[in-house]
Amino acid sequence: MVTDLAATAAPPEIKAEIKALSFFYGEHQALKNIDLALPVNAVTALIGPSGCGKTTLLRCFNRMHDLYPGNRYVGEIVLRPGNLNIVSPRVDPMEMRLRVGMVFQKPNPFPKSIYENVAFGLRLKAIRDRQLIAERVETALRSAALWDEVKDRMEQSAYTLSGGQQQRLCIARALAPEPEMLLFDEPTSALDPAATAHIEDLIYQLKDRLTIVIVTHNMQQAARVSDETVFLYHGEVIEADKTSTMFENPSKELTSEYLTGRFG
56 MVTDLAATAA
66 PPEIKAEIKA
76 LSFFYGEHQA
86 LKNIDLALPV
96 NAVTALIGPS
106 GCGKTTLLRC
116 FNRMHDLYPG
126 NRYVGEIVLR
136 PGNLNIVSPR
146 VDPMEMRLRV
156 GMVFQKPNPF
166 PKSIYENVAF
176 GLRLKAIRDR
186 QLIAERVETA
196 LRSAALWDEV
206 KDRMEQSAYT
216 LSGGQQQRLC
226 IARALAPEPE
236 MLLFDEPTSA
246 LDPAATAHIE
256 DLIYQLKDRL
266 TIVIVTHNMQ
276 QAARVSDETV
286 FLYHGEVIEA
296 DKTSTMFENP
306 SKELTSEYLT
316 GRFG
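As structure tokens, then:
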């Protein structure tokens with residue numbers, strides 16, 4: 056008897072489940088009733104035209120919207136294990152920013168030394184053991200493929216690094232507190248092709264340890280680095296599927312039009 060492996064394969068383990076999530080900037084509704092599951096140890100790409108809600112959705116995961124008055128969440132983002140609702144008002148936003156790291160569009164090192172940039176999150180977690188901090192800083196820099204380039208200049212300003220190195224430093228800074236998820240908001244848009252390739256290689260390597268969500272306008276990048284792709288339009292999820300399936304055979308005409316460059 057031949058077993059249909061596709062039919063019997065266990066469903067992927069879920070790291071975060073979005074349930075009926077809407078988001079409002081004041082009276083403006085930017086996300087509309089989103090339901091979505093993000094698998095563990097996978098890269099999920101959020102794609103769609105400018106203003107479709109990609110970055111808005113990304114920033115819900117670490118409560119960045121709480122930094123501005125008048126913003127409002129409706130629904131849930133459930134983090135597993137533990138079934139913690141990330142957007143609950145009872146959850147400390149600072150805790151979520153340590154558990155869900157974020158790397159922004161442009162490198163944003165702090166005006167501190169290379170060492171203190173990476174140690175920043177550890178100090179927020181009230182870690183005082185100097186040896187432990189030093190070990191975690193080195194581990195994070197190695198994970199960001201930056202250690203060999205900076206190990207002899209740790210007390211220098213982070214601003215002495217190149218743009219690509221600064222972005223890898225920001226990745227190391229996000230990794231040092233040992234987050235469960237890592238968010239990337241167009242992390243290579245300000246970088247040259249060589250630095251872009253370096254960051255993409257890092258993303259591929261990091262998914263063995265983390266669940267990753269990346270916003271990108273670059274369809275080739277989404278195809279290269281992601282396992283799952285979500286297409287958003289006007290604050291709604293139009294289609295979500297395995298990246299290979301969506302790019303080769305999208306189920307919605309609107310998705311096909313976007314992927315082939317007919318709009319957006």
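For the sequence shown, my numbering assigns the number 56 to the initial residue and increments by one for each residue that follows. Even for Gly, the Cβ is constructed at its ideal location relative to N, Cα and C.
### Task
Could you please give the first and the last residue of the uninterrupted alpha helix (DSSP H) stretch that includes K109?
Along the sequence shown, read from residue 1 onward, the residue named residue 109 stands at position 54. Residue range 109–115 is occupied by the alpha helix (DSSP H) that includes K109.
### Query
On the three-pair Cβ rule with 8 Å, is the region 88–97 touching the region 287–297?
With a cut-off of 8 Å, the region 287–297 and the region 88–97 count as touching, because enough Cβ pairs lie within range.
#### Entry: Span of the beta strand (DSSP E), counted from its first residue to its last, around M236
Taking the first residue of the sequence shown as 1, we reach residue 236 at position 181. From DSSP, the beta strand (DSSP E) with M236 extends over 236–240.
### Query
In terms of residues, what are the limits of the beta strand (DSSP E) holding L301?
In the sequence shown, counting from the first residue as 1, residue 301 sits at position 246. Contrary to the premise, residue 301 reads as Met rather than Leu in this sequence. Counting along the chain, M301 falls outside any beta strand (DSSP E), though it belongs to the alpha helix (DSSP H) covering 298–303.
### Task
Could you say which of P124, V192, A199, M119 lies nearest to E82 if we only look at CA atoms?
As a first step, residue 82 must be located in the sequence shown, where it is residue number 27. Ranked by Cα distance from E82, the options P124, V192, A199, M119 are led by P124.
### Message
Could you give the first and the last residue of the continuous beta strand (DSSP E) run that contains H83?
### Response
On the sequence shown, residue 83 is found 28 positions in, with the first residue counted as 1. Per DSSP, H83 belongs to the beta strand (DSSP E) from 83–94.
### Query
Near E72, which residues of its chain fall below 6 Å by C-beta distance, leaving aside the five closest residues on each side in sequence?
Taking the sequence shown and counting its residues from 1, one reaches residue 72 at position 17. Excluding sequence neighbours, E72 sits near A92, V133.
### Query
Can you tell me the Cα-Cα spacing of L177 and A195, whole angstroms?
Sequence index remark: in the sequence shown, residue 177 carries index 122 (1-based). Sequence index remark: in the sequence shown, residue 195 carries index 140 (1-based). Each residue's alpha carbon lies about 11 Å from the other.
### Query
Which one or two residues does DSSP pair with S168 in a beta bridge?
Along the sequence shown, read from residue 1 onward, the residue named residue 168 stands at position 113. For S168, which the question treats as bridged, DSSP gives the partners S212.
### Query
Which same chain residues, not among the five before or five after S311, have their C-beta less than 7 Å away from its C-beta?
Within the sequence shown, the letter at position 256 stands for residue 311. The beta carbon of S311 sits closer than 7 Å to those of P305, all from its chain and outside the five residues before and after it, given in chain order.
### Task
Go ahead and label N117 buried or exposed: buried means 16 or more other beta carbons lie within 10 angstroms of its beta carbon, across all protein chains shown.
Translated into the one-based positions of the sequence shown, residue 117 becomes position 62. The residue in question, N117, is buried, as its Cβ has 16 or more Cβ neighbours within 10 Å.
### Task
Can you say whether L122 is buried or exposed, counting buried as having 16 or more other CB atoms within 10 angstroms of its CB?
Position 67 of the sequence shown, counting from 1, holds the residue named residue 122. By the 10 Å Cβ count, L122 comes out exposed.
### Task
Tell me, to the nearest whole angstrom, how far the beta carbon of A100 is from that of I226; I am working on the premise that it is less than 8 Å.
Taking the first residue of the sequence shown as position 1, residue 100 is located at position 45. Taking the first residue of the sequence shown as position 1, residue 226 is located at position 171. Actually they are not in contact, since the Cβ atoms of A100 and I226 sit about 17 Å apart, beyond 8 Å.
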